[in-house]
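Participant: One line per chain: the protein sequences are A and B, in this order.
Numbers 1 to 928, taken from this note's numbering, label the letters of the first sequence in order.
Numbers 929 to 1160, taken from this note's numbering, label the letters of the second sequence in order.
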Amino acid sequence: MAKPTPTLYSIAKTFMWFAIISLLLLGSLVAIVLMDHSREWKVWQKKFVAIKTERAKKELAEAEAKVDKKQLATLAERLKQTQMERKSQRAEMAKTRKELEALEVRFAQAKTHYQDQKQFQDSYRYYFEEYSTHHDPRAKEFQKKFQTISPKVAAAKKEQDDAEKLRDEKAAQLEDFSAKEKEVKKEIEKLLAEKRLVQGKLDRVKPTLAKDILNAPMLDFLKPSLQVQQIVLEDLYDDYHFAKTQKVDRCTTCHQGIDQKGFEDMPQPFRTHPDLDLYLGSQSPHPVEKFGCTVCHSGSGHSVSFTDAAHTPSGPEEARQWKKKYGWHDLEKWEQKMLPLEHAQASCAKCHNDVVEVPQADHLNEGRRLAAKFGCFNCHKINGFEERWKVGPDLTHLSGKVDEDWITRWLHDPKAFRPSTQMPQIFHLSNHQDAADRERDNAAIAAITAYLVKNSEPITLMAAPIPGNPEEGEKLVKSLGCLGCHSVGDAKGDSFGPELSNLGSKVGADWLFTWIKDPKHYSSHTRMPNLRLSDPEAAHITAYLLSQRNESFEKTSIPEVMPEVVDSLILESFQGAMRAQEARAKLDQMNADERLEFLGKKSIAHQGCFTCHAIKGFEDQKPIGADLSNEGRKDIHQLDFGFVPIEHSREAFIEQKLKDPRIFDRGKIRSYYEKLRMPQFNFTDAEIESLTTFVLSLTEEQVPLQMRKRLDLKEERVEEGRLLVAQFNCNGCHTFDGKNGTLRELTEDPGAAPPVLDGEGAKVQEKWLHEFLRQPTVIRPWLTYRMPTFGLNEKDTQALVEYFANLSHEEASYKGHPVPETTPEKLAAGQTIFNQFQCVKCHQLDASSAAMGASFLAPDLSLTKKRLKPNWVKAWIQNPEALQAGTMMPSFFVDGQTPLTEILGGDAQAQIEAIRDYLYHENGVAKA
Amino acid sequence: MRPKSLFSAALFSLLMTFAIGSAQAAVTGKALFEGAAPAAEKIKVDADPKCKMMHPAGLEASSVIVNSNGTLKNVFVYVKEGAQGKFETPKESVVFDQVGCEYKPKVFGIQVNQTLEILNSDDTLHNVHSLPTQSQGFNLGMPIKGMKLKKSFSKPEVMVKIKCEVHPWMAAYAGVLDHPFYSVTDDEGKFEIKNLPPGNYVLEAWHEKYGAQTQNMTVAEGEQETSFTFKP
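(1) Check whether the Cβ atoms of A:R867 and A:Q765 lie closer than 8 Å to each other.
(2) Expressed to the nearest angstrom, what Euclidean distance is found between the alpha-carbon atoms of A:D937 and A:F263?
(3) Bridge partners of B:S1058, per DSSP?
(4) Can you name the residues of chain A whose CB is closer than 8 Å to the CB of B:I1072?
(5) Could you give the distance in angstroms between the alpha-carbon of A:A854 and the alpha-carbon of A:K709?
(6) For A:E881, go through chain B and note every residue whose CB falls closer than 9 Å to its CB, in chain order.
(7) If you draw a straight line from the alpha carbon of A:Y127 to that of A:A139, how long is it in whole angstroms?
(8) Three-state secondary structure (DSSP) at A:D588?
(9) Using DSSP bridges, identify the partner residues of A:A875.
(10) Tell me, please, which residues DSSP counts as bridged to A:V232.
(11) Between A:G853 and chain B, is there a C-beta pair that is closer than 8 Å?
(12) Looking at the C-beta of A:A850, does it have a partner C-beta in chain B at a distance below 8 Å?
(13) Does the segment 366-373 of chain A come close enough to the segment 306-321 of chain A that 3 or more CB-CB pairs lie under 8 Å?
(14) For chain A, check one thing: does any of its Cβ atoms lie closer than 8 Å to the Cβ of B:E1030?
(15) How many Å lie between A:V33 and A:A56 at the Cα?
(16) Relative to the alpha-carbon of A:P267, which residue among A:Q256, A:D275 and A:L276 has its alpha-carbon at the smallest distance?
(17) Does the segment 1108-1117 of chain B come into contact with the segment 1031-1039 of chain B, if we say contact requires no fewer than three beta-carbon pairs (one atom in each stretch) closer than 8 Å?
(18) Going straight from the alpha carbon of B:P1071 to that of A:K826, what length do you get?
(19) Mind checking the segment 1098-1125 of chain B against chain A and listing, in chain order, the residues whose C-beta falls within less than 9 Å of any C-beta there?
(20) Taking Cβ positions only, does B:L942 come closer than 8 Å to chain A?
(21) For A:K95, does the three-state DSSP call read helix, strand or coil?
(22) Taking the CB atoms as reference points, tell me whether A:L278 and A:L60 lie closer together than 8 Å.
(23) Suppose the cutoff is 6 Å on Cβ atoms and the five residues either side in sequence are ignored; what does the same chain contact list for A:Q143 look like?
(24) Using a Cβ distance threshold of 8 Å, determine whether the segment 438-447 of chain A contacts the segment 457-472 of chain A, with at least three qualifying pairs required.
(25) Along the chain, where does the beta strand (DSSP E) that runs through B:L1068 open and close?
(26) With DSSP as the reference, label B:N1048 as helix, strand or coil.
(27) Ends of the alpha helix (DSSP H) at A:D212?
(28) Since I believe A:N806 is in contact with A:G738 (beta carbons under 8 Å), could you give me their beta-carbon distance rounded to a whole number of angstroms?
(29) For the beta strand (DSSP E) holding B:I1038, just list the boundary residues, first then last.
(30) Kindly list, in the order they appear in chain A, the residues whose Cβ is closer than 9 Å to that of B:M1075.
(31) Grab me the residues of A:S848's own chain with a C-beta within less than 7 Å of its C-beta, minus the 5 sequence neighbours each way, in chain order.
(32) Could you tell me the boundaries of the beta strand (DSSP E) in which A:D712 lies?
(33) When the Cα atoms are used, what is the spatial distance from B:G1028 to B:E1136?
(34) Which residues bound the alpha helix (DSSP H) around A:H37?
(35) Taking three-plus beta-carbon pairs below 8 Å as touching, is the segment 499-509 of chain A in contact with the segment 532-546 of chain A?
(36) Would you decide whether B:Y1101 is buried or exposed? Buried here means 16 or more other CB atoms lie within 10 Å of its CB.
As structure tokens, then:
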């Protein structure tokens, strides 16, 4: 026996090690499989399954409870009976069945026989026709054969039909035996239908062993019930720097109830979307399969874990909770974090970028409105918002309006004069707090004042011919419509124009009189319209407005300016452009006044005053603010947070910037001209929130054309008009297009308020509207408010006419509108009704016949032919209240009935048309 | 209707009748006027020749009428809070006339959905323009003498102003309520609210010129008296 070969290692030990390693390997394999199998999202899906199962069970119980037990029992009893009955008729049934079988055989035979005969007949016919054409003698033979067989065929057909009928009758007889039973079964089914339906639902959602197996590790590649849900957005791509991938949203993996009704009260992530009619619903304009989730909410759509999806907490408190609950942390490298809910509307602008207002996006619209109001577009270039107006007053003729001291005091602290002013604080802000900077600001203010006064062009002013009465003036300010744009003292109006309080401390009587008489005389581009005031009216208003003063403002002391500070600022401004000696030499060439003016020009350019105000010498200057066209997508690392300890997110930066525009200079050493320049607007928190949404909405991201909301020609015209409506503040007085008129709201009696303009395009003729907008005339003599003359140019006038027409879905036509055809009888009837209704009690007919004494005058009816569209007149007579809420015009055809039963057969429609026709025809009283 | 529900309905109505029939109270009283009666304002009615014919000397403003016994006419007194339950809409309608270029009555109460029968007894154009804030208003042109229209108010509201645009001096006020506990002071300044179940109520008295005042009241069975005092 051979000795075992000595080995260098112990076999037993090797086995042992091998076993250990194998086990470890197996263990790690199992661990890998299990870890791969256990996913965060599965937990949520299981929870949702549990919720749905619970619900289905409840529904099932409810459905069961609804089933009428008594009826069910009765039906079951009946079913038993019918079954018994059927059983008792077994013999009879068997007999019938046998008979049926016999009849089936008879029918089959008859059918075969008939088909045989028919074939023969067809072939005889063929040969007969064939031979006859070729004059073959055999034709005769076949003709005979055809004639012989024809009656046989007819007989066979009859036999077949008879057999069929008998068979069907017998079959029906057989059916009758079980008919009752079937009927009862059907009724039972009907009673249980709902329960069955819910049962089916429950079976589909509830967890089962089969589902568990399909969801098991290693087997879940087949058809698991828990799986990642995703929406692939065909036209959209995610930009991963140098790589574009199709946009995929997997949010619904966890947000399972988001597009289903009924989960409104569930905790997240299962809650139903709060507005399914607008978003996600299949009938909504933004169905989930086309828009997904991250298009609006941002975030990382392809991720299926809470943290990786880039959820954004609503504040530090929620962030803390999330950290504790889900191990959430900020995704530093992901640029497109989920938008906080209050800013979600920022995304609307991606696709809705050609409209003045995005439907239903109030928050974003408010942000846009504020940006326009405070002149953000004046300083900052923003694509899509270029065609805006300068928001500040024209300073070309400034010396004619205010004196030097007022300008200086104003620049030091505008809000000290008028707390509600839109003019931001420019000097003495948080980054100019040391003594040296205060001195420099004082010098810059003095210099700007000097420049503005020196460069102001002379203007002729008119003096009021009579002394005004302030009390009369106050009445006029309230009754003419000034409150449509301005507030004065206690009389609160629209905040579109500046508050007119304390003008006595600001302007002179001549300037104010001249200004309100004709605003365009002082400033050709002003948006202030002309109210066509008479001299006494203007004198009274002037007296009233000048009677209020701000005495504490008048008493503010004006700080002394050190010449050396002026010099040092001039020298500092030369830095970089020339050497120190050259700068000094240049400075020495200027005298004190020139130095001040030079610094003034430099300061205006530096602070960008000219972006909002027209100033001589700055006609072609480019705005000074940063281009904000892509601010909503700007890389976060490009934002200079300085040393301010706030969260590093876009929204936090924007909010902080709006709150204190200079704060990011904190802790930095910067020269006077290097410091941040954005002025302080003192926005409220709500304004900051809306403006932040607006800034976040600014993106140059290119959404494919087919995904965007594209406007048709009509919609484009409406949008053009909406911009003008915003520019001239038409809603300051009138209610229309979904906005309430401020003045209308302020007026207690709707009949005395500026008219509602909804439906104006359907009401008035385009040619008339064009004339009226250029040169308003009195339509409603009883209104104290006056439609002002806006001095619109031809382009804007036409745009407004088109706007009103398209808003009412009308085709704008300057050709006029055809006068309805009529008959002499109808015209006569029209005149009778017109008289019987005593229309002239209120309506003027022409200049010579003033209304016969009514205290309230209604529109002059001689204007009808020129002003109104015939279809509108008809609708108006029918139901005035429906077209103009609160109108003084009563309804004469109450509930479609006429009080005049004798005329035109008492036909209300015919009578309405008769009145209309009477108003449009020459031989009526109303002449065009 | 199945027998059971029929029975319960009968029982319910029986109980209701019992509840109302068993204990009833009435609140009566006067609207007193303190101080000198203001001189009636003269209104010129020349604007409409037809009105002028009826009132050659003009009309007297009817917004304040102080009776000879020192009480105030046309004060609307009603239960503001405390009325419980549902009340049937009365079948009979409230008649509202335009006669002699004035509204008659000038102040009246009406229940929600109760028919308001509007008449024009004048041979001139009137319009009846109601200005409710809670429900849909109406503005009816009534050019023909003797014509009649029917309207109603769908929501409670105290008061709904009614005016005529053709004759600006014409104004009336309707107190629209969802219960029948209201009254308007008469030529002696008296009001009477009947069939009130005992309980705690807030009563309000409203006058066109002198505004509204309220009183808390615990109403027991029988007749109770109270009064409101208006000052210029």
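For every residue, glycine included, the Cβ atom is placed at its ideal position computed from N, Cα and C.
Facilitator: Short version:
(1) Taking 8 Å as the Cβ cut-off, A:R867 and A:Q765 qualify as a contacting pair.
(2) The first residue shown for chain A is 1 and the last is 928, placing residue 937 of chain A beyond what the model contains.
(3) B:I1090
(4) Q836, P899 and L900
(5) The predicted position of A:A854 is uncertain, since its pLDDT is 43 and thus under 50; a value taken from the coordinates is nonetheless stated next. So the two alpha carbons sit approximately 52 Å from each other.
(6) Q1064, G1065, F1066 and N1067
(7) 7 Å
(8) The answer is helix: DSSP assigns A:D588 an H, G or I state.
(9) Answer is none; A:A875 lacks a bridge partner.
(10) A:V248
(11) Low confidence applies to A:G853: its pLDDT is 45, below 50, so where it sits in the model is not reliable enough to give any reading.
(12) Note that A:A850 scores a pLDDT of 45, beneath 50, so its modelled location is shaky and nothing firm can be said.
(13) Because the criterion of three Cβ pairs below 8 Å is not met, the segment 306-321 of chain A and the segment 366-373 of chain A do not touch.
(14) no
(15) 33 Å
(16) A:Q256
(17) yes
(18) 20 Å
(19) none
(20) Low confidence applies here, because B:L942 scores a pLDDT of 43, under 50, leaving its location unreliable; read the following figure in that light. It does not: the Cβ of B:L942 has no partner Cβ on chain A nearer than 8 Å.
(21) helix
(22) no
(23) F128
(24) no
(25) N1067 to M1070
(26) strand
(27) Following the DSSP letters along the chain, one finds A:D212 inside the alpha helix (DSSP H) bounded by residues L209 to L214.
(28) Incorrect: roughly 15 Å between the Cβ atoms, too far for contact.
(29) V1035 to Q1039
(30) P899
(31) The predicted position of A:S848 is uncertain, since its pLDDT is 46 and thus under 50; no value can be drawn from it.
(32) Unbroken run through A:D712: none, as it is neither H nor E.
(33) 21 Å
(34) I11 to H37
(35) yes
(36) buried
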